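Student:
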Amino acid sequence: MRKNLAEFVEEAKQGKKKRIAVAASEDKHVLEAVRDAIKEGIVEAILVGSKQETERLMKEIGFDYSAAELIPASDPVEAAAKAVSLIREKKAEVLMKGLVQTAALLKVVLDKEKGLRSGALLSHLGLFHSPYYHKLFAVTDAGMNVAPSFEDKISILTNAVEMFHKIGINLPKVAVVAAVETVNPKMDATVHAALLTQMNRRGQIKGCLIDGPLALDNAVSKEAAQHKGIESEVAGDADILLVPDIESGNLIYKALNFLGGAVAAGVILGAAAPIVLTSRADSEQSKHYSIALAVALSRD
Ligand code: COD
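All residue numbers for the sequence shown refer to the working numbering, where the first residue is 1 and numbers rise by one.
Quick look at the structure:
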């Protein structure tokens, strides 16, 4: 059982190198993370973006120009389009967001003709390690689907469960989190959670163990769950926190990072290739771990 995201870096070092295309590479933290991943032998990189600004930053951080290919682009959206086409042409296996707005990059990714749709709903997943939890855990979707419908939540959950299978966790525990642990018909999140739980019990959603609604404390603390009299295999031991919407998810994500001493790796799942998508404020370390996670996910 992995406890730290650094384990993905060690695993990636043992495997085959992957090619990463960076969309709008003129971002210092992104370049630092790519530089380190190249040094570790995890990736080869194609940097797409402002040549002048990318080279200026490369010089500043000691990133050897000859260590990566640079494709110039006149603005971030053009950079995103060029980076996405590198994935379509199989010149790269992982896409990474640089200094481009998340929504702008995702619009290019979702383009019906030139994007990276696979037929599945695309969703964001943040995989965390925290000093206060005994294993890695995911928060989804804190970055892409704004107000997911019930059907969207099934797809978001499926993407997350498939990802856990890929990283070797065969029966991940999913806590569908809400404001309370009882069903309140006035709170959609609690109703959706109960439905998902029952669908799992009846075998309509397989490959995971779902329980909900659970308040966040019950999802991650056995003591809190016991205190409320909740008997659940998921409570206190969740691998995946399925959140109600982007607002609640993003608040958990940022609270973990800035107040909880946790570190996240962020990826978009469900596209034709894994996409490294961290927020601008995420550390270089978080971007580095995200690359290693995406490399693990891009393996056949
Ligand atoms: N998966 C697959 N297809 C999708 C998805 C998805 N998650 N979302 C939309 N589509 C398809 C729709 O079916 C439609 O065919 C087309 O894409 C356009 O759909 P719209 O009009 O609903 O979507 P857009 O282009 O207006 O917006 C899509 C975004 C992903 C850009 C939007 O949802 C968004 O801005 N999300 C939040 C991104 C963000 O700001 N994150 C920052 C938080 S850190």
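Ideal placement from N, C-alpha and C gives every residue a C-beta, glycine not left out.
Just so it is clear, the structure is predicted and the values come from calculations on it, not from any experiment.
#1: Should residue 236 go down as buried or exposed, given a rule of 16 or more other Cβ atoms within 10 Å for buried?
#2: Are residue 32 and residue 61 touching if we call contact CB-CB under 8 angstroms?
#3: Classify residue 168 as helix, strand or coil using the three-state DSSP reduction.
#4: How long is the line joining the alpha carbons of residue 63 and residue 35, rounded to whole angstroms?
#5: Around the C-beta of residue 287, are 16 or more other C-beta atoms found within 10 angstroms, so that it is buried, or is it exposed?
#6: Am I right that residue 175 and residue 214 are in contact with their C-beta atoms under 8 angstroms? What's the rounded C-beta distance?
#7: Helix, strand or coil for residue 219, going by three-state DSSP, please let me know.
#8: Taking residue 260 as the reference, which of 54, 202, 131, 226 has the closest Cα?
#9: Work out the CA separation of residue 140 and residue 241 for me, nearest whole Å.
#10: So, for residue 26: in the same chain, excluding its five sequence neighbours on each side, which residues have a beta-carbon less than 7 angstroms away from its beta-carbon?
#11: Distance, Cα to Cα, residue 298 vs residue 203?
#12: Please determine if the region 218-235 and the region 114-124 are in contact, where contact requires at least 3 C-beta pairs separated by less than 8 angstroms.
#13: Report buried or exposed for residue 218, applying the criterion of at least 16 other Cβ atoms within 10 angstroms of its Cβ.
#14: Could you tell me if the beta carbon of residue 102 falls within a distance shorter than 7 angstroms of some heavy atom in the ligand COD?
Tutor: So, from the data block:
#1: In the sequence shown, the residue the question calls residue 236 occupies position 236. It counts as buried.
#2: Sequence index remark: in the sequence shown, residue 32 carries index 32 (1-based). Sequence index remark: in the sequence shown, residue 61 carries index 61 (1-based). Yes, Cβ-Cβ distance for residue 32 and residue 61 is below 8 angstroms.
#3: Taking the first residue of the sequence shown as position 1, residue 168 is located at position 168. Coil at residue 168, not helix or strand.
#4: On the sequence shown, position 63 is the one that residue 63 refers to. On the sequence shown, position 35 is the one that residue 35 refers to. Straight-line Cα distance between these residues: approximately 6 angstroms.
#5: Here residue 287 is taken as the residue at index 287 of the sequence shown, counted from 1. Looking at its Cβ environment, which holds 16 or more other Cβ atoms inside 10 Å, residue 287 is buried.
#6: Reading the sequence shown from its first residue, position 175 is the one you call residue 175. Reading the sequence shown from its first residue, position 214 is the one you call residue 214. Yes, they are in contact, since the Cβ atoms of residue 175 and residue 214 sit about 5 angstroms apart, within 8 angstroms.
#7: Position 219 of the sequence shown, counted from the first residue, corresponds to residue 219. The answer is helix: DSSP assigns residue 219 an H, G or I state.
#8: Here residue 260 refers to the residue found at position 260 of the sequence shown. That would be 131, whose Cα lies nearest to the Cα of residue 260.
#9: For the purposes of this step, residue 241 is taken as the residue at position 241 of the sequence shown. For the purposes of this step, residue 140 is taken as the residue at position 140 of the sequence shown. Approximately 6 angstroms between the Cα atoms of the pair.
#10: As a working mapping, residue 26 is identified with position 26 in the sequence shown. Within the same chain, residue 26 has close Cβ partners 49, 50, 53, 54, 57, 98, 99.
#11: To locate residue 298, count along the sequence shown from 1; it is residue 298. To locate residue 203, count along the sequence shown from 1; it is residue 203. Cα-Cα distance, rounded: 29 angstroms.
#12: no
#13: As a first step, residue 218 must be located in the sequence shown, where it is residue number 218. Answer is buried; the Cβ neighbour count reaches 16.
#14: As a first step, residue 102 must be located in the sequence shown, where it is residue number 102. Residue 102: yes, Cβ under 7 angstroms from the ligand COD.
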